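Participant: My questions all concern the structure below.
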Amino acid sequence: MHALLVTPDAPGSLRLGPAPDPTPQPHQLLLAVHHISLNRGEVAFAGRRPAGTVHGYDAAGVVVRAAADGSGPKAGARVAAFGAGAWAERMAVDTTAVAEVPDAVDLADAAALPMAGVTALRTLRTRDILGRRVLITGAAGGVGRYAVQLAALGGAHVIASVGSAARGEGLAELGAHEVVVGLEGIERPVDLILDNVGGPQLVAAWQLLAAGGSVQNIGWASDEPAVFEPYSLFFVGAAKTMSTFGDVHEVGPDLGTLLGFAAAGRLSSEIGWRGSWDRIAEAAEALLERRVAGKAVLDVASPA
Ligand SMILES: NC(=O)c1ccc[n+]([C@@H]2O[C@H](COP(=O)([O-])OP(=O)(O)OC[C@H]3O[C@@H](n4cnc5c(N)ncnc54)[C@H](OP(=O)(O)O)[C@@H]3O)[C@@H](O)[C@H]2O)c1
Numbered sequence: 001m002h003a004l005l006v007t008p009d010a011p012g013s014l015r016l017g018p019a020p021d022p023t024p025q026p027h028q029l030l031l032a033v034h035h036i037s038l039n040r041g042e043v044a045f046a047g048r049r050p051a052g053t054v055h056g057y058d059a060a061g062v063v064v065r066a067a068a069d070g071s072g073p074k075a076g077a078r079v080a081a082f083g084a085g086a087w088a089e090r091m092a093v094d095t096t097a098v099a100e101v102p103d104a105v106d107l108a109d110a111a112a113l114p115m116a117g118v119t120a121l122r123t124l125r126t127r128d129i130l131g132r133r134v135l136i137t138g139a140a141g142g143v144g145r146y147a148v149q150l151a152a153l154g155g156a157h158v159i160a161s162v163g164s165a166a167r168g169e170g171l172a173e174l175g176a177h178e179v180v181v182g183l184e185g186i187e188r189p190v191d192l193i194l195d196n197v198g199g200p201q202l203v204a205a206w207q208l209l210a211a212g213g214s215v216q217n218i219g220w221a222s223d224e225p226a227v228f229e230p231y232s233l234f235f236v237g238a239a240k241t242m243s244t245f246g247d248v249h250e251v252g253p254d255l256g257t258l259l260g261f262a263a264a265g266r267l268s269s270e271i272g273w274r275g276s277w278d279r280i281a282e283a284a285e286a287l288l289e290r291r292v293a294g295k296a297v298l299d300v301a302s303p304a
């Protein structure tokens with residue numbers, strides 16, 4: 001088969017090339033991958049993986065062979081999947097990390113969902129957000145555009161923070177009550193922050209947190225250090241907290257929830273870049289240069 005392989009001297013450290021077919025374990029199904037999606041971390045850090053690794057985590061396609069242990073979808077089912085080795089013509093994936101794609105949902109939209117959608121869902125679920133003020137930084141990106149929609153669905157007052165006014169386009173339509181550049185104009189404290197950006201903006205965002213509020217540290221797209229002045233983390237009153245996020249355990253049921261929202265027209269996969277997977281270098285560059293509004297989705301086809 002062909003796959004996107006970690007290749008240190010290739011642009012973006014990735015290249016389309018031949019790879020051995022995966023061998024599913026008893027609890028894994030074999031998927032014919034039709035579409036894949038990119039996430040900032042795996043693109044930015046591809047070069048840190050061993051050369052020759054089949055890269056990527058998000059895919060959608062059709063089950064070729066069901067899991068030997070009888071779990072999960074049957075052959076022929078359309079599924080979205082999360083797991084290592086996704087950017088390939090065929091992927092072996094745990095049946096606990098897949099969900100069937102409803103007929104109403106396009107497979108390319110489904111491929112956009114796993115890592116970004118589940119991250120948005122799980123970080124929002126850390127709090128009761130009904131009627132609360134939720135700040136989402138990096139809101140124009142992959143995680144951000146799902147988070148805005150899900151926070152609005154959950155009844156929050158949604159504040160979407162972006163890097164420039166142009167990057168804020170479309171976020172009000174997705175459910176943001178306020179779209180701000182940086183943290184400008186946020187006048188009242190916020191109860192929950194989903195932080196995708198890190199750096200000095202995280203330090204400033206911390207000061208906006210209400211008593212008892214929390215920050216979910218999802219990512220650090222800024223790549224800049226954050227310096228907290230002495231005692232700036234001291235607070236009299238209900239504790240403010242900051243939590244890491246990296247929970248990718250058994251994403252299948254949550255992925256199913258997201259696909260259900262999508263089928264009901266309540267969650268849109270905002271695909272800002274779409275093309276064949278042989279254009280991986282172009283797609284990766286656009287993502288890293290903040291030119292993708294939402295997700296980059298690549299179509300998988302056998303090279304001629
Ligand atoms: N913890 C986890 O499990 C998990 C899961 C998924 C993602 N992540 C991480 O979460 C972050 C968001 O992921 P994503 O896939 O949504 O990324 P993305 O689509 O590239 O979005 C990142 C956003 O960050 C903003 N940003 C602000 N300063 C930036 C800078 N200096 N350089 C680049 N971007 C900057 C950009 O805002 P503008 O567009 O407004 O310029 C961009 O929209 C990444 O750091 C990623 O690695 C973590």
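Take the sequence shown: its letters are residues 1 to 304, numbered as in full-length UniProt numbering. Even for Gly, the Cβ is constructed at its ideal location relative to N, Cα and C. Since this is a predicted model, take the numbers as computed values, not measurements.
Rounding to the nearest angstrom, what Cα-Cα distance links residue 257 and residue 152 in this structure?
Facilitator: Rounded to whole angstroms, residue 257 to residue 152 spans 16 Å at the Cα level.
Participant: Measure the CB-CB distance between residue 259 and residue 143 and report whether it falls below 7 Å.
Facilitator: In this structure, residue 143 does not lie closer than 7 Å to residue 259 by Cβ.
Participant: Taking DSSP's pairing of strands, which residues face residue 91 in a bridge?
Facilitator: Residue 91 pairs with 31.
Participant: Please report the distance separating the alpha-carbon of residue 99 from that of residue 73.
Facilitator: Going by the C-alpha atoms only, they are around 8 Å apart.
Participant: Using three-state DSSP, classify residue 261 as helix, strand or coil.
Facilitator: Note: residue 261 maps to helix in three-state DSSP.
Participant: List in chain order: all unbroken alpha helix (DSSP H) runs of 4+ residues lying wholly within the segment 120 to 157.
Facilitator: 142 to 153, all fully within the segment 120 to 157.
Participant: Going by beta carbon distance, what residues of the same chain come within less than 7 Å of residue 155, once the five residues before and after it are set aside?
Facilitator: 129, 130, 131, listed in sequence order.
Participant: Quick one: using the 10 Å Cβ neighbour count with 16 as the cut-off for buried, is residue 358 buried or exposed?
Facilitator: One cannot answer for residue 358 here, as it falls past the ends of the chain, which runs 1 to 304.
Participant: Around the Cβ of residue 233, are there at least 16 other Cβ atoms within 10 angstroms (buried) or fewer (exposed)?
Facilitator: Residue 233 comes out exposed.
Participant: Spatial neighbours of residue 163 within its chain, please: CB distance less than 6 Å, with the 5 preceding and 5 following residues excluded, ordered by chain position.
Facilitator: Nothing meets the Cβ criterion.
Participant: What is the DSSP secondary structure of residue 17, reduced to helix, strand or coil?
Facilitator: It is a strand residue.
Participant: If you compare alpha carbons, which of 216, 297, 267, 294 is closest to residue 122?
Facilitator: Closest option to residue 122, Cα to Cα, is 216.
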